[in-house]
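Report on the structure given below.
2 protein chains.
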Amino acid sequence: MSADDTYKQKKQFVEEVSLLIEESGKPRISGQIMGWLMVCDPPEQSFSDLVEHLEVSKGSVSNMTRMLVQSGLIEKVRLPGERQIHFRIKEGAWVDVLEKELESINSLKNISDKGLKILKKEPGTDKSRLKEMNKFYKFAEKNLPRLIEEYKEEHFDQV
Amino acid sequence: MSADDTYKQKKQFVEEVSLLIEESGKPRISGQIMGWLMVCDPPEQSFSDLVEHLEVSKGSVSNMTRMLVQSGLIEKVRLPGERQIHFRIKEGAWVDVLEKELESINSLKNISDKGLKILKKEPGTDKSRLKEMNKFYKFAEKNLPRLIEEYKEEHFDQV
DNA sequence: TATTATGTTCAGTATAAACTAAATATTTTT
DNA sequence: AAAAATATTTAGTTTATACTGAACATAATA
Numbered sequence: 307m308s309a310d311d312t313y314k315q316k317k318q319f320v321e322e323v324s325l326l327i328e329e330s331g332k333p334r335i336s337g338q339i340m341g342w343l344m345v346c347d348p349p350e351q352s353f354s355d356l357v358e359h360l361e362v363s364k365g366s367v368s369n370m371t372r373m374l375v376q377s378g379l380i381e382k383v384r385l386p387g388e389r390q391i392h393f394r395i396k397e398g399a400w401v402d403v404l405e406k407e408l409e410s411i412n413s414l415k416n417i418s419d420k421g422l423k424i425l426k427k428e429p430g431t432d433k434s435r436l437k438e439m440n441k442f443y444k445f446a447e448k449n450l451p452r453l454i455e456e457y458k459e460e461h462f463d464q465v
Numbered sequence: 307m308s309a310d311d312t313y314k315q316k317k318q319f320v321e322e323v324s325l326l327i328e329e330s331g332k333p334r335i336s337g338q339i340m341g342w343l344m345v346c347d348p349p350e351q352s353f354s355d356l357v358e359h360l361e362v363s364k365g366s367v368s369n370m371t372r373m374l375v376q377s378g379l380i381e382k383v384r385l386p387g388e389r390q391i392h393f394r395i396k397e398g399a400w401v402d403v404l405e406k407e408l409e410s411i412n413s414l415k416n417i418s419d420k421g422l423k424i425l426k427k428e429p430g431t432d433k434s435r436l437k438e439m440n441k442f443y444k445f446a447e448k449n450l451p452r453l454i455e456e457y458k459e460e461h462f463d464q465v
C-alpha cells in the first residue's frame with residue numbers, strides 16, 4: 307500500500323465525514339475541514355494547507371474555521387517558527403458538542419413550560435402532550451450532565 | 307384574558323417553536339405544525355385545520371406531515387365519523403427523537419473506526435484525536451440507551 | 001356511475017445559504 | 001517604512017431547498 311493510496315483513502319474519508327456533517331445541517335466545507343483535521347499529518351494544519359488539500363476558496367476556509375472555532379470543535383494554534391495560523395481538532399471536542407446540545411435541550415424544556423402556561427387558561431384543553439415533553443426534557447437536563455461528568459472522570463482525570 | 311388573546315398567544319407560541327425547529331435545520335413549516343399540535347384544541351387536527359390555522363399551502367401540509375410522521379414525531383389518526391385525516395403529536399415522540407439520535411452517534415463511532423484504520427498504515431501519524439472521538443462515541447452508545455430505558459421505566463411502565 | 005370532498009404530486013418560483021474571487025485589511029519580514 | 005505574506009470582508013454567483021398553486025389521483029357520498 308503506497309503513501310499515495312493512503313492519501314486517496316484520506317480524501318475519501320474527508321468526503322464521508324463532510325457528508326455526515328452535511329446531513330446534520332452544517333455546511334459541507336466545515337465537514338471537509340473536520341475530516342481532514344482528523345487524519346492529516348501533522349495534526350496541525352495551516353490556513354493554506356486547508357485551502358490546498360481541500361481545494362476550496364480562502365474565504366470558505368476563513369469563514370468555516372471561524373465557525374468551527376466558535377463552536378469549540380477546533381482551535382487555533384501558533385507554532386514556533388511558523389508564520390501562518392494553524393488549526394487542529396480541539397481536545398475534548400466531542401464532549402463539548404454534547405454539552406452544546408444541552409442548550410437546545412434547555413430551550414425545548416422552556417418552550418414546553420411556555421406552552422403549559424398558555425394552556426393553563428383553558429381548563430378543557432389537553433395538557434398531556436406538553437407535560438410529557440416537559441418531563442422528558444427535565445429528565446434529560448438532570449441526567450445528561452451527570453453522564454458527561456462520568457465520562458470526563460473516566461477519561462480526562464489527568465487533564 | 308379573552309379566548310381571542312389566548313389564540314394570539316398560541317400563534318406566538320407556534321412562531322417560537324418554528325424558530326427553534328428551523329435553527330435545528332428543519333423546514334419552518336414542520337415547526338409550525340409541531341407548535342400548533344402542541345397547544346391546539348382538540349389535540350387532533352385535520353388536514354384543513356392545519357392549512358387554515360397556519361396559513362400555508364396544502365402541498366406543504368402534505369409534505370411536512372409526511373415528513374413528521376416518517377420521523378416519528380406525529381401520527382395520523384382516523385376519528386370516527388370524521389372524513390378527514392387527523393394528526394396529533396405521537397405519544398413518546400421526544401424519546402423517539404433521542405433514539406433517532408443514537409443512529410447518528412453510531413455513524414460517528416463508525417467513521418472514527420474508519421479513520422483509525424487508515425492511520426494504522428502510518429505509524430508516525432498522531433492517532434489520539436480519533437481515539438478520543440472513538441472512546442467518546444462508544445461511551446455514548448453504551449450509556450444513552452440505559453438512560454432512555456431508565457426514563458421509560460419511570461414514566462411509561464403503565465403503557 | 002356521477003359528483004363532491006379530500007389528499008398527493010409536480011412544475012415552477014421564491015428564498016436562503018454556500019461558496020468563490022477579488023478587494024481590503026492586517027501582520028510579519030526585510 | 002516598504003514590501004511581502006497572510007487572513008478577513010464583501011459583493012456577486014451558484015446551488016439547493018422550501019414553498020406555492022394547480023393539476024392530478026383517490027376515496028367517499030349521493
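In order, the protein sequences belong to chains A and B. Position one of the first sequence corresponds to residue 307 (the numbering used here), numbered consecutively onward. Position one of the second sequence corresponds to residue 307 (the numbering used here), numbered consecutively onward. Virtual Cβ for every residue (Gly too), placed ideally from N, Cα, C.
Task: Given A/Ile395 as reference, the closest of B/Gly341, B/Pro349 and B/Glu438 once Cα atoms are compared - done: Along the first sequence, read from residue 1 onward, the residue named residue 395 of chain A stands at position 89. When each option's Cα is compared against that of A/Ile395, the closest is B/Glu438.
Task: the segment 331-349 of chain A in contact with the segment 360-367 of chain A per 3-pair CB rule at 8 angstroms - done: yes
Open item on the list: Would B/Asp355 and A/Gly430 be called neighbours here (beta carbons separated by less than 8 angstroms)?
Closed with: For the purposes of this step, residue 355 of chain B is identified with residue 49 of the second sequence, where counting begins at 1. For the purposes of this step, residue 430 of chain A is identified with residue 124 of the first sequence, where counting begins at 1. Cβ atoms of B/Asp355 and A/Gly430: not closer than 8 angstroms.
- [ ] Could you list which residues in chain A have their beta carbon closer than 8 angstroms to that of B/Thr312, in chain order?
- [x] Counting from one through the second sequence, the residue named residue 312 of chain B turns up at place 6. Neighbours of B/Thr312 on chain A, chain order: Ile424, Lys427 and Glu428.
Task: Nearest-angstrom Cβ-Cβ length linking A/Arg421 and B/Met344, presumed shorter than 8 angstroms - done: Locating residue 421 of chain A in the first sequence gives position 115, counting from the first residue. Locating residue 344 of chain B in the second sequence gives position 38, counting from the first residue. In the sequence as displayed, the identity of residue 421 of chain A is Gly instead of Arg. Right, the Cβ-Cβ distance comes to about 5 angstroms (below 8 angstroms), so this counts as a contact.
Open item on the list: So if DSSP puts B/Lys382 in a beta bridge, which residue, or which two residues, is it bridged to?
Closed with: Along the second sequence, one-based indexing puts residue 382 of chain B at 76. The partner list for B/Lys382 (beta bridge, DSSP) reads B/Phe393.
TODO: Measuring only between beta-carbons, confirm whether B/Glu321 sits less than 8 angstroms from chain A.
DONE: Start at 1 with the first residue of the second sequence, and residue 321 of chain B comes out as number 15. B/Glu321 does not count as touching chain A.
TODO: Output yes if chain A places a C-beta closer than 8 angstroms to the C-beta of B/Pro386; else output no.
DONE: Sequence index remark: in the second sequence, residue 386 of chain B carries index 80 (1-based). Taking 8 angstroms as the CB threshold, B/Pro386 stays off the interface with chain A.
Open item on the list: Does the structure place the segment 436-456 of chain A close enough to the segment 412-419 of chain B that three or more beta carbon pairs sit under 8 angstroms?
Closed with: no
- [ ] Using a Cβ cut-off of 9 angstroms, pull out every chain B residue sitting near A/Asn449, in sequence order please.
- [x] Counting from one through the first sequence, the residue named residue 449 of chain A turns up at place 143. Correct list: Leu453, Glu456 and Tyr457.
Open item on the list: Please list the terminal residues of the continuous alpha helix (DSSP H) segment that includes B/Glu455.
Closed with: The sequence position of residue 455 of chain B within the second sequence is 149, counting from 1. Run containing B/Glu455: Ser434 to Phe462, per the alpha helix (DSSP H) assignment.
- [ ] Check the Cβ of A/Leu379 against every Cβ in chain B and list those closer than 9 angstroms, keeping chain order.
- [x] Counting from one through the first sequence, the residue named residue 379 of chain A turns up at place 73. Within chain B, no residue comes near A/Leu379; the closest Cβ sits about 11 angstroms away, beyond 9 angstroms.
Task: Contact set between the segment 340-355 of chain A and chain B, restricted to residues whose Cβ is under 9 angstroms from the partner - done: Gly341, Leu343, Met344, Val345, Cys346, Asp347, Pro348 and Pro349
Open item on the list: If you measure between the beta carbons of B/Arg435 and A/Pro349, is that distance less than 8 angstroms?
Closed with: Residue mapping note: residue 435 of chain B aligns to position 129 of the second sequence, counting from 1. Residue mapping note: residue 349 of chain A aligns to position 43 of the first sequence, counting from 1. Yes; because the gap between Cβ atoms is below 8 angstroms, this pair is in contact.
Open item on the list: Going by beta-carbon coordinates alone, are A/Tyr313 and B/Trp400 separated by less than 8 angstroms?
Closed with: One-based indexing of the first sequence puts residue 313 of chain A at position 7. One-based indexing of the second sequence puts residue 400 of chain B at position 94. Taking 8 angstroms as the cut-off, the beta carbon of A/Tyr313 is found no closer than this to the beta carbon of B/Trp400.
Task: Three-state secondary structure (DSSP) of A/Ser377 - done: One-based indexing of the first sequence puts residue 377 of chain A at position 71. Coil.
Open item on the list: So with CB distances below 8 angstroms, who are the chain B contacts of A/Gln315?
Closed with: Here residue 315 of chain A refers to the residue found at position 9 when the first sequence is read from its first residue. Within chain B, the residues near A/Gln315 are Ile424.
Task: Beta-carbon spacing of B/Lys316, A/Ile380 below 8 angstroms - done: Here the question's residue 316 of chain B lines up with position 10 in the second sequence. Here the question's residue 380 of chain A lines up with position 74 in the first sequence. No, the Cβ-Cβ distance between B/Lys316 and A/Ile380 is not below 8 angstroms.
- [ ] Measuring alpha carbon to alpha carbon, tell me which of B/Glu321, B/Ile411 and B/Glu407 ends up nearest B/His359.
- [x] Position 53 of the second sequence, counted from the start, is the residue given in the question as residue 359 of chain B. It is B/Glu321 whose Cα lies nearest to the Cα of B/His359.
Task: Three-state secondary structure (DSSP) of A/Ser352 - done: Taking the first residue of the first sequence as 1, we reach residue 352 of chain A at position 46. In this structure, A/Ser352 counts as strand in the three-state DSSP scheme.
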